[in-house]
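Residue numbers (our numbering): 66 to 496.
Put into structure tokens, the structure is as follows:
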């Protein structure tokens, strides 16, 4: 099982009362809303209508799992998962990633107003929906791929894998050494003490006092997380290495080398994309999010995830030389995967490999990469993996994460991958 799927499996869940009755869901109504008929706001065939229809064909029951408000029982109704999912997918298709911006558009943009109908949605609810349902998003990705496999629309003859570094919600000055973090801990404790001491200050309302206290406690938690992280990182350092640093904003973020050659706090997002080298629709069949700047060692877990989601292994797996780890090559060859990965520039020659009795799979892979057929297949990587990465950044707005922590970042990437697949195959997914 891949690390991302295991991550969702191990997330703690809040115990819900046992109740066999269905959840009471507040669905949007689009007739005579605010002195107008919301149904007339967007024309037939509009992308918002298409995404709403596709979302209606999916199993959204995991989003209402553990809901306390059920039919025949008092309590506030659950906001429609179909509406919230459609809101986010349509926003992503418009390169919008801010919950506050979506909340604003639900009162000013026709498409967003049509999606919500007469339901009011706050940015807090939108934010929670995006980061608290990682397991449900992962299941939806798998469900959509299953439908495509059943309809014969998805082939794993050729799968391309590539990683892209995406800016984290942290700045370089937020990275501190252990000694500096201890000072931050003392300052955070003093700040919380001062905030609590001013709880009776009439200058602030009760809600403002609660918000200030919550922010002060959040700062304490982030500093403690950074101290724990830097302690673990320091154990991996050699005596002559520079002291480890961790961010007080996002303890999971790491400074990585970006595509422009600079170094900034980021996450490494890996996609596996299936499609044809001749063009046509592409499908994201695997997603990995790590805080490791290197791509080495990512082929094996990605192949396992693709098999788990689709029931098949890729026939040919294409990636750049940054993925050329011998252990992964051997594991993939043993599973019958044709690995199309050029050797690193510093790799040994084939003759030297044979002389040193290297693994047979590695020698065969090196010889395979010298053939014209392998070079032709490798050229398909640009139209699959690299094109997907470019679309995610330019058309879907995933240039910088607005959430903190590996778990939440993975939820965001899953939602983007789901949206991308649905947009590519929307007409095929509808009955």
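Glycine included, every Cβ here is placed at the ideal spot set by N, Cα and C.
Reference residue i; option with closest CA among the options
i           : options               : result
residue 143 : 426, 130 and 248      : 130
residue 127 : 151, 188, 292 and 200 : 200
residue 182 : 105, 313, 225 and 260 : 105
residue 343 : 202, 223 and 327      : 223
residue 194 : 280, 336, 229 and 148 : 148
residue 452 : 226, 352, 389 and 300 : 226
residue 456 : 440, 371, 470 and 481 : 481
residue 338 : 322, 449 and 281      : 449
residue 471 : 424, 488, 357 and 430 : 357
residue 410 : 385, 398, 400 and 444 : 385
residue 243 : 474, 204 and 308      : 308
residue 383 : 90, 433, 414 and 354  : 433
residue 341 : 401, 352 and 380      : 380
residue 196 : 484, 486 and 474      : 474
residue 117 : 160, 437, 88 and 176  : 176
residue 460 : 404, 431, 444 and 485 : 485
residue 317 : 302, 367, 287 and 479 : 287
residue 179 : 114, 215 and 304      : 114
residue 141 : 152, 92, 478 and 121  : 92
residue 347 : 488, 479 and 229      : 488
residue 412 : 401, 400 and 388      : 388
Three-way DSSP call (helix, strand, coil) for residue i in this model
i           : result
residue 100 : With a pLDDT of only 44 at residue 100, under 50, the local geometry of the prediction cannot be trusted, and the value read off the model is given with reservation. Looking at residue 100 - three-state DSSP - the assignment turns out to be coil, as it is neither helix nor strand.
residue 321 : strand
residue 519 : An answer regarding residue 519 cannot be provided, because it is not within the stretch 66 to 496 covered by the chain.
residue 410 : coil
residue 307 : coil
residue 231 : strand
residue 390 : coil
residue 155 : helix
residue 336 : strand
residue 147 : helix
residue 141 : coil
residue 487 : helix
residue 161 : coil
residue 428 : helix
residue 112 : helix
residue 166 : helix
residue 81  : Residue placement at residue 81 is flagged as unreliable, the pLDDT there being 45, under the threshold of 50; a coordinate-derived value is accordingly withheld.
residue 360 : coil
residue 225 : strand
Inter-residue CB distance, residue i and residue j (contact presumed, cutoff 8 Å)
i           : j           : result
residue 253 : residue 284 : 5 Å
residue 119 : residue 491 : 6 Å
residue 246 : residue 281 : At roughly 17 Å, the Cβ-Cβ gap does not stay under 8 Å, so residue 246 and residue 281 are not in contact.
residue 398 : residue 369 : Actually they do not touch by this definition, with Cβ atoms about 15 Å apart.
residue 334 : residue 186 : In fact, because the Cβ distance is near 27 Å, the residues do not count as touching under 8 Å.
residue 167 : residue 191 : 6 Å
residue 536 : residue 241 : What is shown of the chain runs 66 to 496, which leaves residue 536 out entirely.
Where the beta strand (DSSP E) containing residue i begins and where it ends
i           : result
residue 351 : 348 to 355
residue 382 : 381 to 383
Distance between residue j and residue i (C-alpha atoms, nearest Å)
i           : j           : result
residue 494 : residue 170 : 27 Å
residue 217 : residue 211 : 10 Å
residue 260 : residue 295 : 28 Å
residue 476 : residue 329 : 22 Å
residue 406 : residue 315 : 33 Å
residue 439 : residue 350 : 22 Å
residue 376 : residue 319 : 34 Å
residue 162 : residue 234 : 13 Å
residue 220 : residue 446 : 15 Å
residue 266 : residue 94  : 44 Å
residue 359 : residue 365 : 14 Å
residue 172 : residue 124 : 28 Å
residue 279 : residue 362 : 40 Å
residue 255 : residue 311 : 21 Å
residue 466 : residue 203 : 19 Å
residue 293 : residue 336 : 30 Å
residue 268 : residue 274 : 10 Å
residue 270 : residue 205 : 42 Å
residue 393 : residue 355 : 17 Å
residue 90  : residue 264 : 38 Å
Endpoints, alpha helix (DSSP H) assigned at residue i
i           : result
residue 402 : It is not in any alpha helix (DSSP H) - residue 402 carries neither H nor E in the DSSP assignment.
residue 284 : 271 to 300
residue 435 : Careful: residue 435 lies outside any alpha helix (DSSP H) and carries neither H nor E.
residue 256 : 243 to 262
residue 177 : 175 to 181
residue 128 : Looking at the DSSP string, residue 128 is not in any alpha helix (DSSP H), and its letter there is neither H nor E.
residue 366 : 364 to 375
residue 467 : It is not in any alpha helix (DSSP H) - residue 467 carries neither H nor E in the DSSP assignment.
residue 207 : 199 to 215
residue 192 : 188 to 196
residue 459 : 452 to 459
Beta carbon proximity, residue i to chain D, threshold 7 Å
i           : result
residue 485 : Among the chains of the structure shown, chain D does not appear; only one protein chain is present.
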